[in-house]
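Peer 1:
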Amino acid sequence: MKKAVAAILILAAALAAWVITRKSDSSPVSFVKATRETISNILSTNGKVEPREYVDIHADTNGLVKRVLVQNGDKVAKDQALVELSEPGLEQELDAAQAREAQARAQLQTLQTGGRPVDTADINGTRNRLQGERDAAQRNLESLERLQQKQAATAFEVDQARQAVKNLDVQIQSLGERRSSLVGQGEVAAAQARVNEAAANVQLAQSHISQDVIRAPLAGTLYDLPVRAGSFLKAGDPVASLGQLDPVRVRVYVDEPELGRVAPGENVRITWDALPGREWTGVVEKRPTEIVALGSRQVGEVLCTIANPGKELVPGTNVNAFILTQVVNNALTIPKNAVRRDNGVGVYLLSAGSVVKWRPVTTGASSTLRVEVLSGLKDGDSVAESSEQSVKDGQKVTPVFR
9 MKKAVAAILI LAAALAAWVI TRKSDSSPVS FVKATRETIS NILSTNGKVE
59 PREYVDIHAD TNGLVKRVLV QNGDKVAKDQ ALVELSEPGL EQELDAAQAR
109 EAQARAQLQT LQTGGRPVDT ADINGTRNRL QGERDAAQRN LESLERLQQK
159 QAATAFEVDQ ARQAVKNLDV QIQSLGERRS SLVGQGEVAA AQARVNEAAA
209 NVQLAQSHIS QDVIRAPLAG TLYDLPVRAG SFLKAGDPVA SLGQLDPVRV
259 RVYVDEPELG RVAPGENVRI TWDALPGREW TGVVEKRPTE IVALGSRQVG
309 EVLCTIANPG KELVPGTNVN AFILTQVVNN ALTIPKNAVR RDNGVGVYLL
359 SAGSVVKWRP VTTGASSTLR VEVLSGLKDG DSVAESSEQS VKDGQKVTPV
409 FR
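Right, dumping it as C-alpha cells:
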C-alpha cells in the first residue's frame, strides 16, 4: 500500500514538473523582424551659443554717463555713437582754446595787412596831408617856372619852390618806410606759428570731447549693454558687447569617447528648451584641440556654425545639439533593445519550431531607437525584444509579433 502511494506521489510530481516546464517553454515572447531602411547615426549632447565675431567695448576715460543712445539687442553700424560721457572741464577747455586761436588769427591778419589799424591810419592820414601839400607845391613850382620864362620870377624863387617839392617827397617816402617797419622781419611767420599752435590745441580739445562719445568699432548686434545713464565709468570699465549673430557659433561639448565620430562638415541640429518646437541647423566647423573637464565629464569643445536668421539664439544660451555623424542607406536594422550582451554581442533568433537560438551579430550605425546589423542576420529574420521575461538559447516560446 505504501509503495503504491509513493508511486502515485512520484508520478504526480513528475506530471507537475512536466506541466511547469512545458508552460515555461511556450511562454509568449515579443519578436520583431529585421528590415531595410535608411539609418542616421546621431550624436546627442549639449552646447553653448556665442557670437562668431565679437568685441567687448570699454571706456577709454573716466566720466559720467550722460546718455545711452542704443538699447540691448539693437543692430548698429560701424562708428555709430553708443554712449555719451560727460567729463568736467572739457567744454571750458575747448572754449578757451578756440578763443586763443581767434586771437592768434586776428594778430596774423593785422600783420599781413601792414600793422595795427591805429598806426596805419595815422600814417595814411599824414601821407594824405603831405601829398596834398606836395601837389600844391608842384603847382606853385610850375607857375614860377612859367613866370621865370616871362622874366616875372627870379631863379631863386624857382629853386625855393623846387626844394619845397623835394622836401615833401622826402617826408612822403619816410612815411612809406615807417609803414613798412610796422611789421618786422619774421613777425608774420611767428604769428602764423602761433595760429598753428592754437589750432592744434583746439583739435586736441575736440578730440578729448570726441573720446567722450563711445562708438561701435564694427557693425553688429548689441547683446550686452550694462551701462545706464547717470552711472560713473572709470577707464577700462565695460560698456557693451557687440557681435555678429547670424550665423552664430555653438560650442558643442562632446564626450571624449565619442570624438572619433565627429568630423568638419557634418550636419548639426540645434534645439533650445526655451523655444520648444524650434530648431536651427548648421555644420561642424572645427574639431577640438584639447580635452577639458566639464563637471564630471571629459569633453572636447567642437565648434559649429549655426544659421540664426531671426537672431533668437543669443550668446550664453544653453542648447541641445545633435550631430549627424553617419547616414547609411538600405541598412538592415533591428530595434536597439533586441541586441543582447549575454555572451558577447548578439540576438535571440526565432528558428523553426518556435525555438530561440543565440546568434552573434556585428552592429554598425545607430539612431535613437534602431541599430544597423552588419553581419549575423538577413532580411526578415525575427529577433526577440528584451523584456522582463528571461530568454535562453534553445528555449521554446510562443512568438508574438508586433
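To convert, take the position in the sequence shown, counting from 1, and add 8; that gives my numbering.
Glycine residues also receive a C-beta, built at the ideal position from the N, C-alpha and C atoms.
1. Inspect the beta-carbon positions of residue 279 and residue 328 and report whether they are closer than 7 Å.
2. Give me the Cβ distance between residue 322 and residue 90, rounded to the nearest whole Å; I'm assuming they're in contact under 8 Å.
3. Among residues of its own chain, excluding the 5 on either side of residue 257, which ones have a beta-carbon nearer than 8 Å to its beta-carbon?
4. How long is the line joining the alpha carbons of residue 318 and residue 324, rounded to whole angstroms?
5. Straight-line CA distance for residue 265 to residue 282?
6. Using CA coordinates, which residue listed in 332, 260 and 269 is at the minimum distance from residue 302?
7. Of the choices 181, 182 and 146, whose alpha-carbon is the least far from that of residue 166?
8. Does the beta-carbon of residue 389 have 16 or more other beta-carbons within 10 angstroms, so that it is buried, or is it exposed?
9. Could you tell me whether the segment 383–400 touches the segment 346–366, using the rule of 3 or more Cβ pairs below 8 Å?
10. Helix, strand or coil for residue 265, going by three-state DSSP, please let me know.
11. Would you call the segment 398–407 and the segment 350–364 in contact, with 3 or more CB pairs under 8 Å?
12. Take every Cβ of the segment 169–181, pair it with every Cβ of the segment 133–150, and state whether three or more of those distances are shorter than 8 Å.
13. Rounded to the nearest angstrom, how far is the Cβ of residue 223 from that of residue 76, given a contact under 8 Å?
14. How would you label residue 205, buried or exposed, when you count the other beta carbons within 10 angstroms and need 16 or more for buried?
15. Leaving aside the five residues before and after residue 73 along the sequence, list all residues of the same chain whose C-beta is less than 7 Å from its C-beta, in chain order.
16. Taking the straight line between their C-alpha atoms, what separation do you get for residue 371 and residue 342?
17. Expressed to the nearest angstrom, what Euclidean distance is found between the alpha-carbon atoms of residue 306 and residue 220?
18. Count the other CB atoms within 10 Å of the CB of residue 338; is the residue buried (16 or more) or exposed (fewer)?
19. Going by CA-CA distance only, name the one from 175, 309 and 117 that's closest to residue 198.
20. Can you tell me where the beta strand (DSSP E) holding residue 368 begins and where it ends?
21. Nearest CA to the CA of residue 183: which residue from 138, 150 and 336?
22. For residue 138, does the three-state DSSP call read helix, strand or coil?
23. Just checking my contact of residue 81 with residue 229 at CB under 8 Å: how many whole Å lie between their CB atoms?
24. Determine the direct distance from the alpha carbon of residue 298 to that of residue 467, and round the result to whole angstroms.
25. I need the DSSP call for residue 183, collapsed to helix, strand or coil.
26. What do you reckon, are the CB atoms on residue 336 and residue 373 nearer than 7 Å?
27. Please name the residue, chosen from 70, 46, 160 and 227, that lies closest to residue 253 on a Cα-to-Cα basis.
28. Is residue 338 helix, strand or coil when you go by DSSP?
29. Under the rule that 16 or more other beta-carbon atoms within 10 Å means buried, what is residue 360, buried or exposed?
Peer 2: So, from the listed chains and residues:
1. Yes, the pair counts as a contact, with Cβ atoms nearer than the cut-off.
2. With a Cβ gap of about 18 Å, residue 322 and residue 90 do not count as contacting.
3. So the list reads 57, 58, 59, 60, 293, 311, 312, 313 and 314, once near-sequence residues are dropped.
4. When rounded, the distance between both Cα atoms is 16 Å.
5. Roughly 29 Å between the two C-alpha positions.
6. Selection 332, 260 and 269 evaluated against residue 302 yields 260 as nearest (Cα-Cα).
7. Per the Cα distances, 146.
8. Around the C-beta of residue 389, 16 or more other C-beta atoms lie within 10 Å, and the residue is accordingly described as buried.
9. Contact between the segment 383–400 and the segment 346–366 is present, with at least three C-beta pairs closer than 8 Å.
10. Helix, per DSSP.
11. Touching, yes, given that three or more Cβ pairs across the two stretches are closer than 8 Å.
12. In this structure the segment 169–181 lies against the segment 133–150, because at least three pairs of beta carbons, one per stretch, are closer than 8 Å.
13. Incorrect: roughly 13 Å between the Cβ atoms, too far for contact.
14. Per the 10 Å Cβ criterion, exposed.
15. Close CB contacts of residue 73 within its chain, under the 7 Å cut and outside five residues either way in sequence, are with 91, 93, 235, 236, 237, 238, 239 and 241 (chain order).
16. Here the C-alpha atom of residue 371 lies approximately 10 Å from the C-alpha atom of residue 342.
17. Going by the C-alpha atoms only, they are around 46 Å apart.
18. Looking at its Cβ environment, which holds fewer than 16 other Cβ atoms inside 10 Å, residue 338 is exposed.
19. Distance from the Cα of residue 198 is smallest, within the candidate group 175, 309 and 117, for 117.
20. Where residue 368 is concerned, the enclosing beta strand (DSSP E) stretches over 363–368.
21. Put simply, of 138, 150 and 336 the residue whose alpha carbon is nearest the alpha carbon of residue 183 is 138.
22. Reduced to three states, the DSSP call for residue 138 is helix.
23. Sure, about 7 Å apart at Cβ, within 8 Å.
24. Because the chain here runs from 9 to 410, residue 467 falls outside it and cannot be looked at.
25. In the three-state scheme derived from DSSP, where H, G and I count as helix and E and B as strand, residue 183 is classed as helix.
26. In this structure, residue 373 lies closer than 7 Å to residue 336 by Cβ.
27. Checked all of 70, 46, 160 and 227; the closest Cα to residue 253 is 227.
28. Residue state, collapsed to three classes: strand.
29. With fewer than 16 other Cβ atoms within 10 Å, it is exposed.
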